[in-house]
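Everything on this sheet refers to the single structure shown next.
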Amino acid sequence: MSYEKKILQMKQLLKKTSTDAVKKEQQVSFEKPQEPFYSADWVSAGLQQLQNDLGTVFLKETHYSLDYQHGKYKLGQFYEALALWDHYEDDHPIKLTSEDMPVFYDTETTGLKGVGTHIFLNGLLEESAEGFTLKQYVLADPSNEAAFLWESKFWQGEKAVITYNGKSFDWPQLQTRWTLNRQILPPLRTHHQIDLFHISKRIWKNDLSRMKLSNIEVAKLDFHRVDDLPGYLAPIVYLDAVRSGESTSLFQVLRHNEYDLLSLITLFIQATELVFSTAAKDSANVHTNIGKWYSDLKQEERGQKLLEGVVHQYSEKEAAMANYLLAFDKKKNRAFSEAAHYWLAALPYLEERPLVEASIELAKLYEHQLGEIATAQRYTLQALNKVKMSAIWKKEAKINKIKQLEKRYIRLKRKER
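Be aware that the sequence shown starts at 1, since it is given in the UniProt record's numbering, and climbs by one per residue.
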């Protein structure tokens, strides 16, 4: 059967189940669903069968020691990362301390969005007495969804939920499914969210062309997946397992989810080491991104220190953006000569947009603070010519930019007289 036909079958099955669920919501009483016909087969294959007051759930539980190696990290290095954050007094998007209750969370779903999309696999990786425990809850069938969601325990306590693009995908999906079962389930708690997708974009902007987790695994975490099932096949495999009762291929989906969750731990370790500059030397671009991140968080002293480190450790070409950003810090602190020095160091290596902005800033400094009108004219003209030749600005923005620069240049010519 073709991929498209299987997707259509799934939608028909889930549409029927969703309609039935809406009707049940209108009823006061709840009738516990029957367990699936394939329960014994799935248990024989290696899954645990759980029964709660709301129905049936299947579980695969895996334990890892702190010495377990995933890529270039051992899982126990997670606690070294926590120790760094324990001594960090300010807020930070990736901050996680030993007082938090972390849970690394990843889902597999039957689609990308919409009320008809079900979560069929909840993967939760948490601390345990011996190291870490991965609990992968599998939806028995759509009629047992409330039982499946209840087992996640997201209605209990206050946790730090660490995901990869979870703020935009996994957590909203969970909220939607929880809402549809709200008459049966206890309220979903609000938990602290750490999304490593956005963290990765901050750290590796202009360093990695693609921010897929599998790409970061290879490029940064030294982890290479073996016989991994493509994510787009996961819903088809699940549908086949529910229809036929055959669970062999379902374990490939569980393995894919396991890879994701183990990589979340090591990605958290790597990101923390880079933020604290304890990782092995990376690239000037990465450390510049982190320095800018500190500045954007209003932690200017940390940002400036890191950017200055980039300037001292790398060539002027590699440190171009660090010089560019440091110049703004120096200008803000009224160290005008130093600001000019950093912009001049950056200028030969900047791309179009920052090159234009640096030229304009130099023109302002030489006019108002350093008193060199002819030099101010030169940098204004340089910016003007660059904008005229550039294709990166939209038409209206380009016209306005040219008008502003022409006005500045005319004023400087008059001032020279």
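All C-beta atoms in this analysis are idealised placements derived from N, C-alpha and C, irrespective of residue type, glycine included.
Look at His-192 here: in three-state DSSP terms it is strand. Apart from the 5 residues on each side of it in sequence, Tyr-379 sits with its Cβ closer than 8 Å to the Cβ of Ser-359, Ile-360, Leu-362, Ala-363 and Tyr-366 in its chain, given in chain order. Taking every protein chain shown into account, the CB of Gly-46 has fewer than 16 other CB atoms within 10 angstroms, so this residue is exposed. Glu-300 is positioned such that its CB atom lies closer than 8 Å to that of Asp-329. As summarised for the region 65-103, the continuous alpha helix (DSSP H) elements at least 4 residues long and confined to that stretch are 77-86, given in chain order. Proximity to Tyr-164 across His-198, Thr-179 and Pro-187 peaks at His-198, based on C-alpha coordinates. With contacts defined by Cβ atoms closer than 8 Å, Ala-322 and Ala-284 form a contacting pair.
When beta bridges are read from the DSSP output, Lys-60 appears opposite Gln-136. Excluding its 5 nearest sequence neighbours in each direction, Ser-39 has C-beta neighbours in its own chain below 6 Å: Gln-49, listed in chain order.
With the rule of 3 Cβ pairs closer than 8 Å, the region 193-209 does not count as touching the region 225-233. For Thr-272, the enclosing alpha helix (DSSP H) covers residues 250-275. Burial state of Trp-343 is buried, judged by a 10 Å Cβ sphere holding 16 or more other Cβ atoms.
Taking one beta carbon from each stretch, the region 59-69 and the region 132-148 have 3 or more pairs nearer than 8 Å; the two touch. In this model, His-224 and Glu-308 are separated by some 35 Å (Cα to Cα). Apart from the 5 residues on each side of it in sequence, Asp-170 sits with its Cβ closer than 7 Å to the Cβ of Tyr-105, Asp-106, Thr-107 and Thr-163 in its chain, given in chain order. Thr-278 sits away from Ala-140, with the two beta carbons spaced by 8 Å or more. Buried is the label assigned to Thr-266, since at least 16 other Cβ atoms lie within 10 Å of its Cβ. Counting C-beta pairs with one atom in each stretch, the region 140-151 and the region 170-186 have three or more that are closer than 8 Å, which means they touch. For Thr-288, the enclosing alpha helix (DSSP H) has its first and last residue at 284-296. Across the set Glu-316, Arg-353 and Glu-352, the C-alpha of Glu-316 shows the shortest separation from the C-alpha of His-341. Along the length of the region 188-248, whole alpha helix (DSSP H) runs at least 4 residues long occupy 196-204, 213-220 and 234-244, reported in chain order. As computed with DSSP, Asp-106 is found in a beta bridge with Gly-123. Counting the other CB atoms within 10 Å of its CB gives Asp-222 a total below 16, which places it among the exposed residues.
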